[in-house]
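Worksheet: the structure to be examined is printed underneath.
Residue numbers (my numbering): 2 to 105.
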């Protein structure tokens, strides 16, 4: 008399939902990020980047970042933060063209 079909409940009962989809999606995203990074280095950064952000990407200290950017003539700006600290930021378009050799 029960016309409803009984089925297992939860995400594992549905085809393609047992974790394989999430794994393949994550690997696809990682591969896209890798390709974009090779074509345009530091693409994930905004228009301006701080010394600390660049130091983490290049795995060097902040003084090295400052020296490289100064030597290459990268445009920079100083920003005063809410707690009255000075933050130096570099224009990413200049970093890409002058330091990384990526033509835009």
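Where a beta carbon is used, it is the ideal one built from N, C-alpha and C, also for glycine.
Can you tell me whether residue 101 is helix, strand or coil according to DSSP? coil
Kindly indicate which residue of 53, 74, 28 and 25 has the alpha-carbon position closest to the one of residue 101. 74
What are the uninterrupted segments assigned as beta strand (DSSP E) that are 3 or more residues long and contained completely in the stretch 45-92, given in chain order? 49-51, 77-81 and 87-92
Alpha carbon to alpha carbon, how far is residue 81 from residue 50? Give it in angstroms, no decimals. The alpha-carbon separation between residue 50 and residue 81 amounts to approximately 15 Å.
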